[in-house]
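Numbering (UniProt numbering), first residue to last: 1 to 488.
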């Protein structure tokens, strides 16, 4: 009896799954996630995770995000288990796919493209989707491995990333060839029909539409583009070594692939949009990859935010990037308003709150509102797991600037206790400066006599476009004159 009942239940599940457009539902789940519906998105993906590889991947992705937001060991292990489960689900029905692809490589490019196009059907499209999901899972497993910060974990993560890149590159190449070949065949087919009967999205003989191929191309372009973009930012002397290991680093290819993915109907389209915003508002200004002028990047970021404002009206992440644009344009008050809004919207997402607090702290310092800056950095010191040493140093600086010198001296003494990563240059700087600022002897007073004038001067350089910059430089000159007279 158990056998027939189990078969009947399986049939009911399959019939129910047939009515689910998993691609559309997965995209809705990600949109729900970005609009601060973290819990609702998790429930949606887990409800249907056994009925579709795409929904299973969505559930694993939410689990991965949850682990990265908390860094709790239990949640990180759960994320690893979920990703491996999704990987096994995709590989279980894809036996022989790699061998089939290897056989196709032996054929000439023209014949191979033709055979791929002829044989591609719904099952073939599903196999490509599964291959892409497996590569995505491997990337996230590598990230979780890197978080452990162990040599063996770095080696393992690098090996996993190489496997993922090979799969991305293979899928991207196959889908691109399929698009080209099928478009040529579709054009010939459309020309043979009357204009009134032409349907530019009609299924080909194999049953696959151009929309399906476009979505698959968008799906693989996210990982493919991120690989290119991230590796292109590696220092030149290391880039040659990485290229020899088989990893590419074409920044323009990465950006164009992410742009393609962001405009697709795949579930990773919103993630590609966030990656582009991250590049234009964080990476490009910080590394000055294209020179000191970030104007073009800001224009692109503003255009993206404007296009997506209707889809993500309550997204803390999109509000954060809006604040980044405002800060880079020296609209500090507007930037602070955006960061505070993002902080409020991310009430259940601690890591997003932390990046907002970091920006609020620095913007408050630029506005010389050291009390607000102190509160932001103190909260980061107490809650963040990234670098408590660095945040303690910033807390002490702001506390001292607001007038509490004794409290600041106590915080500076705590910086040494929080110093954990000796190879981290930021923490090394924080420890050295905290020791100097905490000193109450003649050496400490001599060091601190230069802090105020140079800090005010640097602040003036940041705000060169502001009308009040002249007053700031007058203050800097006044403090410097006072220091000179005191030393005489």
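Glycine is no exception: its CB is placed at the ideal position from the N, C-alpha and C atoms.
Using three-state DSSP, classify residue i as helix, strand or coil.
i: residue 349; result: coil
i: residue 266; result: coil
i: residue 343; result: helix
i: residue 367; result: coil
i: residue 180; result: helix
i: residue 314; result: coil
i: residue 165; result: helix
i: residue 237; result: helix
i: residue 294; result: coil
i: residue 157; result: helix
i: residue 321; result: helix
i: residue 331; result: coil
i: residue 148; result: coil
i: residue 250; result: coil
i: residue 309; result: coil
i: residue 245; result: coil
i: residue 287; result: helix
i: residue 50; result: coil
i: residue 105; result: Residue confidence is low: residue 105 scores 43 on pLDDT, short of 50, so the model does not pin down where it sits. Its coordinate-derived value is still stated next. Helix, per DSSP.
i: residue 406; result: helix
i: residue 174; result: helix
i: residue 21; result: coil
i: residue 112; result: Legend: pLDDT at residue 112 = 49, less than 50; position of this residue unreliable, value from coordinates given subsequently. Residue 112 falls in the helix class under three-state DSSP.
Just checking my contact of residue i with residue j at CB under 8 Å: how many whole Å lie between their CB atoms?
i: residue 129; j: residue 167; result: Contact flag wrong, Cβ pair sits at about 12 Å.
i: residue 64; j: residue 79; result: 5 Å
i: residue 327; j: residue 357; result: Going by Cβ atoms, the distance from residue 327 to residue 357 rounds to 14 Å, so no, they are not a contact pair.
i: residue 160; j: residue 138; result: 5 Å
i: residue 246; j: residue 232; result: Going by Cβ atoms, the distance from residue 246 to residue 232 rounds to 15 Å, so no, they are not a contact pair.
i: residue 86; j: residue 133; result: 7 Å
i: residue 135; j: residue 145; result: Between residue 145 and residue 135 the Cβ distance is about 16 Å, and since that is not below 8 Å, they are no contact.
i: residue 399; j: residue 415; result: With 8 Å as the limit, residue 399 and residue 415 do not qualify as a contact, their Cβ atoms being about 12 Å apart.
i: residue 377; j: residue 402; result: No, residue 377 and residue 402 are not in contact; Cβ-Cβ is about 12 Å, not under 8 Å.
i: residue 60; j: residue 83; result: 5 Å
i: residue 342; j: residue 319; result: 4 Å
i: residue 219; j: residue 163; result: Incorrect: roughly 18 Å between the Cβ atoms, too far for contact.
i: residue 405; j: residue 352; result: So it is not a contact: roughly 34 Å between Cβ atoms.
i: residue 273; j: residue 284; result: About 16 Å separates the two Cβ atoms, so there is no contact after all.
i: residue 69; j: residue 350; result: 6 Å
i: residue 264; j: residue 35; result: Going by Cβ atoms, the distance from residue 264 to residue 35 rounds to 19 Å, so no, they are not a contact pair.
i: residue 249; j: residue 280; result: No, residue 249 and residue 280 are not in contact; Cβ-Cβ is about 19 Å, not under 8 Å.
i: residue 23; j: residue 54; result: 6 Å
i: residue 355; j: residue 389; result: Not a contact, Cβ separation roughly 18 Å.
For residue i, report the span of its alpha helix (DSSP H) as first-last.
i: residue 377; result: 370-383
i: residue 78; result: 73-92
i: residue 38; result: 38-47
i: residue 224; result: 210-232
i: residue 53; result: 53-70
i: residue 281; result: That residue, residue 281, is in no alpha helix (DSSP H); it is neither H nor E in DSSP.
i: residue 35; result: Segment: none, residue 35 is in no alpha helix (DSSP H) and carries neither H nor E.
i: residue 418; result: Run containing residue 418: none; DSSP gives neither H nor E here.
i: residue 489; result: Since the first residue shown for the chain is 1 and the last is 488, residue 489 is missing from the structure and cannot be characterised.
Answer yes or no: the CB of residue i versus the heavy atoms of the ligand ADP, is any distance below 7 Å?
i: residue 56; result: The ligand ADP is absent from the structure shown, which contains no ligand whatsoever.
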